[in-house]
Amino acid sequence: MSRLLALLNSRAGTMHDVGAARIRDALKALERDGRTVEIRMIEPNRIRAELMAAAASDFDTVIIGGGDGSVNCAAGIFAKAGKTLGVLPFGTVNLFARDLGMPAGVEDAIAALHDARPRRVDLAGLNGRPFHSLSGLGFFSQMARAREETRGHPLGRMASVMVAALRAIRRSGRFTIDLEADGRSERVEALAVLVTNNRFGADWRRPRLDAGELEIHIVEDKGALARLKASADLLTGTWRDNPGIRSFTARELTIDRSRQRTWIATDGELARARLPLRYGIRPAALTVLGIADVGPAADDVAAATSAEP
Numbered sequence: 002m003s004r005l006l007a008l009l010n011s012r013a014g015t016m017h018d019v020g021a022a023r024i025r026d027a028l029k030a031l032e033r034d035g036r037t038v039e040i041r042m043i044e045p046n047r048i049r050a051e052l053m054a055a056a057a058s059d060f061d062t063v064i065i066g067g068g069d070g071s072v073n074c075a076a077g078i079f080a081k082a083g084k085t086l087g088v089l090p091f092g093t094v095n096l097f098a099r100d101l102g103m104p105a106g107v108e109d110a111i112a113a114l115h116d117a118r119p120r121r122v123d124l125a126g127l128n129g130r131p132f133h134s135l136s137g138l139g140f141f142s143q144m145a146r147a148r149e150e151t152r153g154h155p156l157g158r159m160a161s162v163m164v165a166a167l168r169a170i171r172r173s174g175r176f177t178i179d180l181e182a183d184g185r186s187e188r189v190e191a192l193a194v195l196v197t198n199n200r201f202g203a204d205w206r207r208p209r210l211d212a213g214e215l216e217i218h219i220v221e222d223k224g225a226l227a228r229l230k231a232s233a234d235l236l237t238g239t240w241r242d243n244p245g246i247r248s249f250t251a252r253e254l255t256i257d258r259s260r261q262r263t264w265i266a267t268d269g270e271l272a273r274a275r276l277p278l279r280y281g282i283r284p285a286a287l288t289v290l291g292i293a294d295v296g297p298a299a300d301d302v303a304a305a306t307s308a309e310p
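Take 2 as the starting number for the sequence shown in our numbering and just add one per residue.
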């Protein structure tokens, strides 16, 4: 990192909790050994435009301060640009930042950038659009919808999550889908389907981001009580022991239904997607700054690639 640009979501709750001045001071402390740091506070509706401009600039590293949705946008843009992306955890869940080994506290995360190394990690894709962590329909899309409705709950974040979960359970119903995974086809009745970029552990963390595979989790319809337990297990990360949740890996997956569109939650962002849904894995597609050993060092990948005949 010689020329570093930090793009920070000015409306993120973290910005208000910690304070813009403290975050600026922490980032400016990265200026050492000839490194320069430019900091820009941006409005949420300007994030994509600013990321596109940064991708075409002469900054070699860009740090995005935002939630999983903002990081999703950045990952797709910087995978094409070939620049290094850093992530500061400004969101609620921050799945990708956690897997990169970034501390939860923003000032601690900024300090950790001193020791971060560029690593090459996989991205997954949905209908041609990349995502860094997960994409789901059924209960998962209803959960994302309910989270937006309950954001800022007067009793706090945990109360917001519980209310959202109850709404999602109430709204979720059984649906029939046709799956094709690596050429194998089956018809499934489910309450939810979750597709993840590489395998998540039981604590919603991924030990590797470079395994080159999707993991698919299908929540099968086994009655009301089973639905409640499956929902609780998914929220707490203990779904591996639930017999009503079936999991398998693949490199390519197609999901089809009788309807033309369906609600999809991808990296925390809710959208209406056209069917069929086509998922794939993009090995070593993105260079990111990471503390955890979740992927090969970018220099090692570059050296191996240049040595190929």
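Cβ coordinates follow ideal geometry from the N, Cα and C atoms, glycine included.
Report buried or exposed for N327, applying the criterion of at least 16 other Cβ atoms within 10 angstroms of its Cβ.
Nothing can be reported for residue 327: it is not among the residues displayed for the chain, which extend from 2 to 310.
By how many angstroms is the C-alpha of T62 removed from the C-alpha of A320?
Outside the displayed span of the chain (2 to 310) sits residue 320, for which this structure offers no information.
Between the segment 261 to 278 and the segment 244 to 253, can you find at least three pairs of beta-carbon atoms closer than 8 Å?
no
Could you give the distance in angstroms between the alpha-carbon of S186 and the alpha-carbon of L180?
6 Å
With distances taken from CA atoms, which of G129, R209, D109 and H115 is nearest R36?
H115
As a quick exercise: from G87, S259, V289 and L271, pick the residue whose alpha carbon is nearest that of F140.
When only C-alpha atoms are compared, the closest one is L271.
Cutting at 6 Å between CB atoms, please list the residues of its own chain near A182, excluding the five before and the five after it.
A251 and L254
Counting C-beta neighbours from all protein chains within 10 Å, is the total for K29 16 or more, i.e. buried, or is it exposed?
exposed
Taking 8 Å as the threshold (C-beta atoms), are A22 and E108 in contact?
Using a Cβ distance threshold of 8 Å, E108 and A22 do not count as a contacting pair.
Give the DSSP-derived three-state secondary structure of M16 in the structure shown.
helix
Length of the line joining the Cα atoms of V19 and I178:
45 Å
If we ignore side chains and look at the alpha-carbon of each, how far apart do G291 and A299 end up?
Going from the Cα of G291 to the Cα of A299 covers about 11 Å.
Nearest-angstrom Cα separation, counted from R121 out to P131
15 Å
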